Structure formats: C-alpha cells, structure tokens
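Colleague: Can you keep this structure in mind? I'll have questions shortly.
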Amino acid sequence: MQQQQFGKRPWSFYFLATFFTLFVLFLYGPMFAIYVLSFQGPSGGLTFPMNGFSFDWFVALFGQQRTGDIRGSFGRSISLALMVLALTVIISVMAGVAFRRRFVGSTFVFYMAIASLIMPGLLISLGAPIMFQKLLGMNTNWYTTALGAQLTWTLPFGLLIMFAVFNRFNRAYEEAAYDLSATTRQTYQYVVLPILLPGIIGVALFGFTLSYDEFPRTLYTVGPRNTLPLEIWNMTTNVTSPALYALGTVTTAVSFVVITLALGSIALIQRRRLKHNLDGESAGASQIALAEADR
Amino acid sequence: MQSRFSRLAPYLQVAPLALVLLVFFGIPLLVVGAVSFFEYDEFDIYPAFTFANYLDLWSQTTLNLYWQTITYAVIVWAITLVIGFTVAYFLVFHVRNILWQMALFLLCTVPFWTSNIIRMISWIPVLGRNGIINQSLVGLGIIDQPLEFLLFSDVAVVIAYVHLFTLFMIVPIFNSMARIDRSLIEAAVDGGASSWRVIWEVVVPLSKTGIALGSIFVLTLVMGDFFVVKIMSGGQSGSVVSALYNEIAVLQYPPAAASAVVLLIIVTMMVAGILRIVDVRKELAG
C-alpha cells in the first residue's frame, strides 16, 4: 500500500483525492449557493437563476421591521457570545489546571461534562424554564438563563481542549521555573499559560462561535428578547424571500471573521516560536528568564 | 498554610465548572425527571406522582416516532462513518506534507464554526423543485419533470444530517489515525499484507477510539435533533424531539418530560454500549 517512493502515487491516492474533493464540494457548495443568491435582484426568488444583482435584501434585513428585530438580536448575540467566550476561557482553564491532579469527585465532574456535551440541546432548554420560571418564579433572560444554558455546551468543549493541551504540555518548562524558585502563580503567569496560549485561543474560538450560533439550548431559556439564531429560525417559517439568505451571508461572514482572527493569531504565535527556537532559545526558557526578572 | 491551600486548590479551580454544570444541566435534568410524574391540564402543571405520562407514550404514534428517529440515526451513522473514515484515512496516510494535511483538515472543520440552521437552509436552493439539481437534470434532458422527492422528504433530512454531522466523525477518527505508529503499517506491508488487510487489521483496530467517539457524537446529535427534521421533511416526518418541541409549544411539560426521560434512557444505553466496547476516557483525559 504505502509505497513511499516520492513522485509516484498509488491509484488509491487519486481515488481518495477525488472522494475528498467531492466531499469538500458537498460541504461548501450549498453554502456558496445561498451566499450568491443573497445578492438577488429585487424581483429575484429563492432559487436560481439570478434576477439581476442588488444589495436590496441586506438593506431589507437591517432597514425595516418586517423581518423582525434583526439589529437588536444581532447585538444581543454578539454580547452574549463575548460573555460566553470570557467565561468559557476562565472556567475551562481553571478546570483544566484542576484536572492535572487527582481530586475526589474528578470522575463525577468529568462524566457530567461529557453528559452535558452529548445531551440533546432541547432537553437542557426544557428543564431550565420549568425550574427557574415555574418552580423558582424567576424570569428567563438572554444574559442569565440562556448564558448558563450555552455554557453547558461550550464548557465541555473547553475542558476537552484543555485536556488535549495539557497532554502535550512538556512539564520540564514548569519544573525549570520552580527550580528557579518561581512561585506557583509566577510559573502559571509567565511559563505555563503563555506556552498554552494557542490552545486557549482555541477554547475562545469555540466559546464564541458555539454561543453565537447556538439554537436549541437558547430556544426556551432566552426569555422575551431573541438572539440571532432564533430570529433566523422564525424567518425559516415566515420569510420566503432572499432576505433569509442575506441573513445567512451576514452571520456566516461574522463567523468567518472570528475564525480567521483566532486561527491567524494561533499561526502567528507558532511562527514566532519557531523563529525563537531557531535562534537557539525556546519560548519557555525566555519566559523563565522573564519570571526571574520579575521576582 | 501553603500546603492546605494547595490541597484545596483543585476543588476551588473546578468549582465554577461544577457549579455551572449543576445549576444549568444537572438540576434542570432532575427537575425534568420529577415533572415527568406530574399531572397537567390546559392551564398548568400540578405536583403528583403518576405514571400516566409514561403510559401515554405507549401508543402506535410514539412507537413510530422512535422507530423513525432510530432509523434516521442508524442510516446517518453508517453514511458519516464511511465518509469520515475515508476522509481521515486520506488526510493521514495519503497527504504527505504536514502543512497540507493541517490545511485540508481545517477546510473540513471550518463549517463547524458556522450556523447549523444556515447550513441546513442552504440545501433549499439546491434540492428544491426549481433547485440546482432539478434545473440541471431537466436542462440536460435526463428527466422531464422535476424530482419531487429531493426536498421536503426523508432524503433531504438525511442529506442535511450528513452535511451537518460528518465533521463529528472526521475529527476524532483523524486524531486516532494520526497517532498510529507508521512502522506498524510498514511491518504489516513487509509481512505481505494487502492494502485491504492493512486497513482492516491495523488501521481500523487502532482507530477504534476515534470511531467510537464519532459514533457517539453522530448518534446523539441525530437522536436529539428537531429542527432539521422539521424543516427538511416539510413537516411530513417527525422525530422524538420534534414531537417534544410541539408539546412544549402548547406548554404540556409533563408528557414532554416523560418523553425526554425515555429518550435519555435510550441514548444513554446506546452510549454505554459503545463505551463498553471502547474505553473513551483513556483517550480523552490521557
């Protein structure tokens, strides 16, 4: 099978490469169709052909109220996603550090996180309003109950990423810092966390995008004012114009900006590290020197 | 003092996570369990201990719903497994340049970070009566009439599921495969094994944690879905959770809760069955 002669590839390579290309087309093709269709002319419909080209459907989205409160829900979704991002990063990193040691109940917390990850979203959404609204007489709101419900989805991802990140972490850097008599706090601040930064950015990416696009867990926990995915959901049943596609294009564009920022900064950090290493200095060692200077 | 703090440290560090999961996941779930025994009428729910909600589930309609949901889950699982394994295998064993490997892997995972609803909707202009596929087929003269079964049908539901969830199969299988020691494969080849035998007897067994994880994700995602089946079937098919959605819409919490509990038991049994075959925790927590 693996005839590792360079230049000559087995027939299976071409077969699999074709399969892969078709899969990528399947993955992206339909999405591109709606991005293109969102620029339909004013008289255009939900399918091809294009009847001219215009930005009318984008204007319709943000201009009038007839498609719902897009502007408000967009703002709420962004604010909520930023809150989820911050909390997911802080809580996951702390929990990741905790799981480096044995503690009573670690298995329970781990399995609760996994159960929360695979729990059908609507069931989480179902329990919270019964508990908070019916039994405790509290109001559901996007920045309270929906925030909590979304965290039950983003935190397990954050925790698993932190596990992966700590698995690959070379403890020698940490021990070196302790040997140089850095305190625990200094060791984490100047050595461990900077080394883990790419992984932490990954956690942030998951926190933001999963919250920004979250639908089933938010559905019954959101209270009186909707987030963007809920507006989109309402539109799928009410709106039969390309405005729906325009909203899809806008929301995907936001996701792509966030993905690019996150992946770009990870790549930048890795490249800087590579340069450091080539200079004969490892990133960790220079951080330890910094920790020394700080003392 | 220092040592007492350091003994307490893990508990303090894990406390926020445990608290959020308890308040917004654990306890609400117990509440759902309790409410499933409540009585209800058109106006409100009343604390009680009745099995009526569970007994009501035992009807032909509900059994059909469960059957339909499990059928979707198994079909989608089989398709995503084949695609996921093939794509991961290609990326790990056929793409030699590590940068290309990462780039192509990212290409597969980027849609995960975009909206599921939008990705689902994007099939409408492709599969619709006047959609891309029908227009092309009619234009080429292959068919006279547009195919009606493409959109708002079981076919559309399965296509949308595969589109949304294959990622969850690719990523864990890719991770497992990437860790396979290449010398094992060389040894198998040197021992005279054919390509198929290497895949079947070396690659598959060594990727089984990834396959198990991917299977858990895909099965639970399909079993828990309601919006894909609602939109893409055009209301012609249902699933357990889409029926639940309808019950919640009319505030019938107790029967919805009973249905949720039964679904959870089935899903837990599926996951436990997979975990019995493969120890996933070792893989995740290292």
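These protein sequence lines are chains Z and P, in that order.
The numbering of the first sequence is this note's numbering, which starts it at 852 and goes up by one.
The numbering of the second sequence is this note's numbering, which starts it at 1095 and goes up by one.
C-beta atoms are modelled at their ideal positions from N, C-alpha and C, and glycine is treated no differently.
Owing to the predicted nature of the structure, the values given are computational and were not obtained by experimental measurement.
(1) DSSP three-state label for P:F1311, please.
(2) Evaluate Z:W1004 with the Cβ neighbour count: other Cβ atoms within 10 Å of its Cβ, from every protein chain shown; 16 or more gives buried, anything less gives exposed.
(3) To which residues does DSSP link P:I1139 through a beta bridge?
(4) Ignore the nearest five residues each way along the sequence and tell me which others in Z:L1081's own chain have a CB closer than 8 angstroms to its CB.
(5) Rounded to a whole number of angstroms, what is the C-alpha to C-alpha distance between P:V1251 and P:V1323?
(6) Which residues in chain Z have a C-beta closer than 9 angstroms to the C-beta of P:P1354? List them in chain order.
(7) State the Cα-Cα distance for the pair Z:A1028 and Z:V1105, rounded to the nearest angstrom.
(8) What are the start and end residues of the alpha helix (DSSP H) that includes Z:Y886?
(9) Using a Cβ-Cβ cut-off of 7 angstroms (strictly less than) and excluding sequence neighbours within five positions of P:I1368, which residues of its own chain qualify?
(10) Please work out which residues of its chain come closer than 6 angstroms, Cβ to Cβ, to P:L1245, disregarding the five sequence neighbours upstream and downstream, and give them in chain order.
(11) For Z:A868, return the contacting residues in chain P, with the cut-off set at a CB-CB distance below 8 angstroms.
(12) Tell me the rounded alpha-carbon separation between P:A1352 and P:G1235.
(13) If the cut-off is 7 angstroms on Cβ atoms, which residues from the region 1212-1239 of chain P count as contacting chain Z, listed in chain order?
(14) Quick one: what's got a C-beta closer than 6 angstroms to Z:G1099's C-beta in the same chain, skipping five residues either side?
(15) Report buried or exposed for Z:E1132, applying the criterion of at least 16 other Cβ atoms within 10 angstroms of its Cβ.
(16) When we look at the beta-carbon of Z:P971 and count the other beta-carbons within 10 Å, is it buried (16 or more) or exposed?
(17) Among residues of its own chain, excluding the 5 on either side of Z:L1048, which ones have a beta-carbon nearer than 8 angstroms to its beta-carbon?
(18) Z:T898 to Z:L888, Cα distance in whole Å?
(19) When the cut-off is 9 angstroms and only beta carbons count, does Z:R908 lie next to chain P?
(20) Whole angstroms is fine: what's the gap from P:W1294's alpha carbon to Z:T869's?
(21) Which of the three DSSP states, helix, strand or coil, is assigned to P:Q1330?
(22) Got a sec? Which residues, its chain only, sit under 7 angstroms from P:D1150 by beta carbon, not counting five neighbours each side?
(23) Determine the DSSP secondary structure at P:F1243, reduced to helix, strand or coil.
(24) If we call anything under 9 angstroms between Cβ atoms a contact, is P:L1313 one with P:A1167?
(25) Whose C-alpha, out of P:V1296, P:D1248, P:Y1140, P:W1290, is nearest the C-alpha of P:A1281?
(26) Under 8 angstroms: do the region 962-979 of chain Z and the region 998-1018 of chain Z share three or more Cβ pairs, one atom per stretch?
Modeller: Reading from the atomic positions:
(1) helix
(2) buried
(3) P:Y1134, per the DSSP bridge assignment.
(4) Result list for Z:L1081: S924, F1066, T1069, L1070, V1073, in chain order.
(5) 6 angstroms
(6) Here residue 1354 of chain P is Ala; the residue named in the question, Pro, does not match the sequence. Within 9 angstroms Cβ-Cβ: P971, L973, L974, L977, G978.
(7) Their backbone Cα atoms lie some 40 angstroms apart in a straight line.
(8) 862-888
(9) A1306, S1309, I1310
(10) L1221, G1222
(11) F1184, H1188
(12) 52 angstroms
(13) I1212, R1213, I1215, S1216, W1217, I1218, P1219, V1220, G1222, N1224, G1225, I1226, Q1229
(14) Its chain contains I885 as the residues whose beta carbon lies nearer than 6 angstroms to that of Z:G1099, once the 5 sequence neighbours on both sides are disregarded; these appear in chain order.
(15) A caution first: Z:E1132 carries a pLDDT of 48, below 50, which makes its placement in the model too unreliable to give a value.
(16) buried
(17) I1120
(18) 7 angstroms
(19) A quick correction: the sequence has Trp, not Arg, at residue 908 of chain Z. Contacts with chain P at 9 angstroms (Cβ-Cβ) do not include Z:W908.
(20) 22 angstroms
(21) coil
(22) Contacts found: P1349.
(23) coil
(24) yes
(25) P:V1296
(26) A contact between stretches requires three or more CB pairs, one per stretch, nearer than 8 angstroms, and the region 962-979 of chain Z meets this requirement with the region 998-1018 of chain Z.
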